[in-house]
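Asks: Can you keep this structure in mind? I'll have questions shortly.
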Amino acid sequence: MIEQLKQENKVVGAKQTRRALKDHRAKRVYMAQDADPRILQPLVQEAVRQQVPLEQVSTMKALGEACGIAVGAAIAALV
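Counting from 10, one number per residue, gives the positions in the sequence shown under our numbering.
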């Protein structure tokens with residue numbers, strides 16, 4: 010499923026993911042297991058509230074690479 014991040018429209022990072030959830034544009038949310046829970050918790054709660062599917066990725070580095078960026082990412086969403 011993480012392969013979808015390479016091919017489909019996405020937002021990367023907490024701020025952009027928060028905005029996508031707020032605007033009800035997020036179709037699926039990917040979160041890194043090694044990310045700070047204080048960053049992820051409110052976003053995950055909102056995704057669950059909206060019934061947006063959640064996927065866990067092993068590391069921030071792996072999520073960043075899947076999103077095509079050179080740095081790690083805590084969270085990303087398909088839009």
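The beta-carbon is built from N, C-alpha and C at its ideal position, and this holds for glycine as well.
Computed from a prediction, not measured in an experiment: that's the story for all the values here.
Please state whether DSSP places R47 in a helix, a strand or coil.
Replies: helix
Asks: For Q42, decide whether its Cβ has a neighbour in chain D, counting only Cβ atoms nearer than 8 angstroms.
Replies: In the displayed structure, chain D is absent; only one protein chain is listed.
Asks: Who are M40's beta bridge partners in DSSP?
Replies: Answer by DSSP bridge pairing, in chain order: Q65, I84.
Asks: Distance check for H33 and T68, CA to CA, integer angstroms please.
Replies: 26 angstroms
Asks: Taking 8 angstroms as the cut-off, decide whether the C-beta atoms of A83 and A44 are in contact.
Replies: Taking C-beta atoms as the reference points, A83 and A44 count as a pair closer than 8 angstroms.
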